[in-house]
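**Student:**
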Amino acid sequence: MRVSRLMLVTLRDVPADAEIASHQLLLRGGFIRRVGSGIYAYLPLMWRVLQRINAIVREEMNAVGALETLLPQLQPAELWQRSGRWQGYTAGEGIMFHLDDRQGRQLGLGPTHEEVITALAGELLRSYRQLPVTLYQIQSKFRDEIRPRFGLMRGREFIMKDAYSFHADASDLQACYGAMDGAYRRIFDRCGLQTVAVEADSGAIGGAASQEFMVTAEAGEDLILMNESGSYAANLEKAVSIAPDAIPLPEGDSRSINTPGQHTIEALCSAQQLEPSQVVKVLALIARMDSGSERPVLACLRGDQELNEVKLINALTAALGEGVLDLGAVTAEQLERQGLQPWPFGALGPDLEDSRLVGARTWAPTFLRFADPTALALDRFVCGANTPDQHRWGWRWRDCQVPPQAVDLRNARAGDRCQSDPEQTLVARRGIEVGHIFQLGQKYSLAMDASFTNADGGQEALWMGCYGIGVSRLAQAAVEQHHDDAGICWPLAIAPFQVIVVVANLQDATQRSLGEDLYARLMDQGVDALLDDRQERAGVKFKDADLIGIPWRIVVGRAAADGQVELVERATRQADVLPGDAALERVLAAIAAA
RNA sequence: CGGGAUGUAGCGCAGCUUGGUAGCGCACUUCGUUCGGGACGAAGGGGCCGCAGGUUCGAAUCCUGUCAUCCCGACCA
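Everything in the first sequence is counted per my numbering, starting at 59 for the first residue and increasing by one.
(1) My assumption, with CB atoms under 8 Å, is that A221 sits in contact with H494. Please give the rounded CB distance.
(2) By the three-class DSSP mapping on this structure, what secondary structure does R468 have?
(3) Could you name the residues of the same chain whose beta carbon sits closer than 6 Å to that of C327, not counting the 5 residues immediately before and after it, in chain order?
(4) Looking at C-alpha atoms only, which residue of I114, R184, G180, R91 is the closest neighbour of G515?
(5) Using the C-alpha atoms, what's the distance from Q569 back to P637?
(6) Does the region 139–148 come close enough to the region 172–192 that 3 or more CB-CB pairs lie under 8 Å?
(7) When the Cα atoms are used, what is the spatial distance from L532 to A390?
(8) Is it true that the CB of Q534 sits closer than 8 Å to the CB of Q252?
(9) Taking 8 Å as the threshold (C-beta atoms), are L103 and V2 in contact?
(10) May I have the straight-line CA-CA distance separating D48 from R454, to the nearest angstrom?
(11) Can you look up S268 in the DSSP assignment and give me helix, strand or coil?
(12) What whole-angstrom Cβ distance do S530 and E518 have, given they're in contact under 8 Å?
(13) Rounded to whole angstroms, how far is the Cβ of V298 from the Cβ of A470, which I believe are closer than 8 Å?
(14) Starting from H156 and walking both ways along the beta strand (DSSP E), at which residues does that stretch end?
(15) May I ask you to report which of helix, strand or coil DSSP gives I196?
(16) Is DSSP giving R454 helix, strand or coil here?
(17) Around the C-beta of R163, are 16 or more other C-beta atoms found within 10 angstroms, so that it is buried, or is it exposed?
(18) Taking Q396 as the reference, give the member of F271, A422, R468, L550 with the closest Cα.
(19) When you compare the CB positions of V485 and L406, do they come within less than 8 Å of one another, or not?
(20) Which residues in the same chain as G123 place their Cβ atom closer than 7 Å to its Cβ, once the five residues preceding and following it in sequence are excluded?
(21) I need the DSSP call for A648, collapsed to helix, strand or coil.
(22) Under 8 Å: do the region 355–372 and the region 292–308 share three or more Cβ pairs, one atom per stretch?
(23) Using DSSP with H/G/I as helix, E/B as strand and the rest coil, what is M506?
(24) Let's test the definition: count the other Cβ atoms within 10 Å of the Cβ of A226 and tell me whether it reaches 16, buried, or not, exposed.
(25) Our contact map puts I9 next to A277 with C-beta atoms below 8 Å; I'd like the distance itself, whole angstroms only.
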């Protein structure tokens, strides 16, 4: 390809609406253009990158026996109603774009494809003899994100590879999950990405085990915790740890203490000369469940620890057998709306009485009470007295009339000891989630009534797994991980072109013909090569070549008179002057070795 | 949705306080000189000042509304 024909439009200035390096560089290099919030056009250079990633994904998916398909993006609401997700995905905070057709039928634009694929599998897979089957597709997904961000990192339309596997039993599902884990590691490795596989919350998608693949980068939206050896890594949502030891409360009789205006742990501790770990804090929350019921929740934590909302949501789901739509702190305004008297926020105790809820308009009349084990492990502690500006010093759990249920509710933190290997401490890293694999089990097949005849002749719901890769996000994550102050340094495997031949001075016939010759020979060898044949000064071409990140550059300049060229490796900036033939050989060898 | 910010040429910005009909750099076109790290000179082209109302003799500028985009939180590949 000749650069003069490439519609290459690079920008010198950084676009004002791009925050992170990868987003800026993709815009400046002429890879993408914003069309709307979270909506991007992939320009020819970008499309080449995406196609290369897709090719690697296809090879690895095919290698584990997955079959490529293409499912509709326009999906009837009826399918989503069958799985029970239509409401949650379209109402309120729901992320599914949806519309009515001319007949008034409701349709959704696919944010994911469990419904479609499970319905199909239910029709097509009739016998255990057909199993296992894995299907995958690469296509655009649509999600009405609450906040699109950072270019391709969180778009409302983005390219995803999604795969779904169907099995006759749980152990076969586990085997497939393991194979996908391997395939994913190979995919990211081949794309030149450094990733960490982390334990993840299975969240709204549901199911048993789940693992995320994170590209480690400062710009990442996720926080992950891992130990130094890498034997443990988890998303903050899921991470567990051994909390630091609490500092015991000094000897003394239990008593009430006046704590005027001391509504926060910090204020309380500094005024009363306490350590946060000597205090039990009680958070009052209200959970709105899938069924519409509103459940008041009391969550007790040691004063130095933070609530992990995902863990609490999971505890609620387990306790009530339904999903949580929304979870938030109880506010004074909400109490007023419920027709309740004010609560002594800042001085709540674990034994806050259910009578506080009597007469509530829409809330359930009793608290769901949970406490983190680190709080329950305290022998004597300080907590609110359920009276404004009053706390209790030296209180014990046995004093609590309504004991809470023990559930892990706290965020693990950097510096905590690792639970699986207490010798090691956890460190925090930021990550970009580029892949996620789930063992769904029978959640969707039961809901969608997708069953097969098992070896015993009985009907059984299909066992399912699902496996996603954010292809367009992965491409940008690669830039985030591979760039310098001059521009992008694409890993060879996913670079839009592998080599660029820069003719320094097009007026010079010798340079021009040597450049053309090298370019033609590269093309003959099947190398994706660019020839910068623009009537520009050499400096402009060098800047652009650096910016768009072509891994190898062959500069045909003054030394062309002696048949010499300069070979530059983009990532390392290492440059060598050598004869054209030798440069060609080196590049071909490097490409072959990769 | 809550909080913050910004909308002026393809990109980056100034002008707004104190109203008088729009400017700078880059990019683009033409000519000349230059030609290995975003050249120089000369001459050009390009703007419903986000949109709609209002105030005023007169609005990019003041007022009201509205829309869009970006950043911080809940969502996720």
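Just so you know, even glycine gets a beta-carbon here, dropped at the ideal spot from N, CA and C. All figures in this text were calculated on a predicted structure; none of them were measured in a lab.
**Tutor:** Considering the structure as presented:
(1) The pair is not a contact, with the Cβ atoms about 11 Å apart (cut-off 8 Å).
(2) strand
(3) P334
(4) R184
(5) 13 Å
(6) yes
(7) 44 Å
(8) no
(9) What the structure shows of the chain is the stretch from 59 to 652, and residue 2 is not part of that stretch, so it cannot be assessed.
(10) There is no way to answer for residue 48, as the model of the chain reaches only from 59 to 652.
(11) strand
(12) Not a contact, Cβ separation roughly 37 Å.
(13) 6 Å
(14) 156–158
(15) strand
(16) coil
(17) exposed
(18) A422
(19) no
(20) T192
(21) helix
(22) yes
(23) coil
(24) buried
(25) Because the chain spans 59 through 652 in this model, residue 9 falls outside it and cannot be assessed.
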